[in-house]
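Below is one structure, written out as structure tokens; the observations come after it.
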Amino acid sequence: MLFKDVVAQDEVKDFLRKAITSRRLPHALLFLGETGKGTLSMALALAQYILCENRADIDACGVCNHCHKAGKYIHPDIHFTYPTIGSKMTSGDLLPEWRKFLGQGSYQNVQEWYAAIDGENKQGNITKSECDRILKILSLKTFEGSHKILIIWMAEFLGAQGNRLLKILEEPPENTHFILIAERQDELLNTILSRCQIISFRPVPDPAIARYLMETSVTDRNTATQIAYLSEGNIIEAMTLSQHTNEKITDLWIEWMRIAYKGYGLEVNPWVDAFSKLNRESQKAFMHFGLHFLRELLLFKVDNSHTIRLLEREKKALIKMSDIINSDTINKIIDMIEQNVFHLERNINSKILLLDNSIRIHYLLRNQKQQLSAVLSV
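Counting along the sequence shown from 1, when you hit position 243 you're at 1688 in the working numbering, and nothing is skipped either side.
Structural data, given as structure tokens:
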């Protein structure tokens, strides 16, 4: 993995390059943020940059022996720790699966890792046995390079076992680097946090996500732009949406608002039946669009100079609706849709959920019938 393969995060790249060039790279780093912001990708790129024999100021060379092995995730001086299933399993037991997982792309989340090791619906953790393995492998000399590097992915899964690593984090062997990666800082021990320099990853800018999608999976520029808006700076979320989002989502959302407002059973039931037949990810993509639309609407009502992150057709509908729906109603519908996402992830009956939503939204909007109907029929 090269720095150029990490989407955006230029400030982090510059910091790391300068730290290595000046020989001031902290021995323990914590990359904080969702994996979809590039934390794992950056860790892989940094490890390769550290070991590269011919690195330039900007990036690793990509062709030397160290780069070749690092790029295939087989370098003997780059060690990995990640969540496993069971109380005694270690990362070493799943190394072939881990290499295959990374070979499919570093923008993947822990749920996808569980699926790769047949661990869906099971609780992963980083075990006592794995911490003992870490202490053992880091006590050895380097095999080929001048440095040893340990990447701990999803470090919050250490839990209380992290206490076993405090001493080695405080007093590491010579030329040993720790790169911890976590999404939730509050689930890490304070004693771990105090021994690391924390680098927070910002959301990936929308244009960068759109370009990435155009290069990998989406051919239509408008679709890529729309998905980038919805992804909230997360590459993984954008990739998921690209598989389940199409140009009809806007029409579906506006149609639902219209039908829910009118509250006619002859229209509500067929729409709910059709929605319930969508696969789960498509249903979640619909909800994510609705949340994005409503949040943009709320921001525009607070400040009408706000740059609306929607395509032109949706912008027009939003601007018209901003004069009709009050902020209190918007917030109530947002709360409802957020609960929908939570419930859909837990396999609730979507037909019952949407029928209930339609009735509740009807009562929220019925006092604005004439004006709202005019807008939603556009």
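Here a beta-carbon is modelled for each residue, glycine too, at the ideal position from N, C-alpha and C.
{"Item": "Sequence ranges, alpha helix (DSSP H) only - wholly within the stretch 1487-1526, length at least 4", "Value": "1510-1516"}
{"Item": "For S1645, the first and last residue of its enclosing alpha helix (DSSP H)", "Value": "Per DSSP, S1645 belongs to no alpha helix (DSSP H); it is in the beta strand (DSSP E), 1642-1645."}
{"Item": "Where N1570 sits in the DSSP three-state scheme", "Value": "strand"}
{"Item": "Helix, strand or coil at L1742 [DSSP, three-state]", "Value": "helix"}
{"Item": "Sequence-distant residues of the same chain with beta carbon closer than 7 Å to I1571, five excluded per side", "Value": "T1526, P1528, F1602, L1603, Q1606"}
{"Item": "Enclosing alpha helix (DSSP H) for I1613 [first to last residue]", "Value": "1611-1615"}
{"Item": "Cβ shell of V1663 (< 6 Å), same chain only, five flanking positions each side left out", "Value": "A1669, S1687"}
{"Item": "Range of the contiguous beta strand (DSSP E) that encloses F1623", "Value": "1621-1627"}
{"Item": "DSSP three-state assignment for T1695, whether helix, strand or coil", "Value": "helix"}
{"Item": "Secondary structure of I1793, DSSP reduced to three states", "Value": "coil"}
{"Item": "K1760, enclosing alpha helix (DSSP H) - first and last residue", "Value": "1757-1766"}
{"Item": "Validate contact between the stretch 1548-1559 and the stretch 1587-1596 using beta carbons, cut 8 Å, 3 pairs", "Value": "no"}
{"Item": "Exposed unless 16 or more other CB atoms sit within 10 angstroms - verdict on N1785", "Value": "buried"}
{"Item": "For S1551 and E1575, the rounded distance between their alpha carbons", "Value": "22 Å"}
{"Item": "Residue from R1656, L1461, F1476 whose Cα sits closest to the Cα of R1469", "Value": "L1461"}
{"Item": "Contact belief for I1704 with V1713 at Cβ below 8 Å, rounded distance in angstroms", "Value": "6 Å"}
{"Item": "Beta carbon of L1583 nearer than 8 Å to that of K1593", "Value": "yes"}
{"Item": "Identified DSSP bridge partners for K1734", "Value": "In the sequence as presented, Lys is not what sits at residue 1734; that position holds Phe. F1734 is not bridged to any residue."}
{"Item": "Integer Cβ distance of A1600 from I1626, believed to fall under 8 Å", "Value": "6 Å"}
{"Item": "Same chain, Cβ closer than 7 Å to N1667, five either side skipped, listed in chain order", "Value": "L1756"}
{"Item": "Same chain, Cβ closer than 6 Å to L1634, five either side skipped, listed in chain order", "Value": "G1607"}
{"Item": "For K1581, three-class secondary structure by DSSP", "Value": "helix"}
{"Item": "Test item: CB-CB of L1496 and H1520 under 8 Å", "Value": "yes"}
{"Item": "V1493 burial status per 10 Å Cβ neighbour count (16 or more: buried)", "Value": "Looking at the sequence provided, one finds Gln at residue 1493 rather than Val. Buried, by the Cβ-count rule."}
{"Item": "Contact check, L1798 vs H1788, beta carbons under 8 Å", "Value": "yes"}
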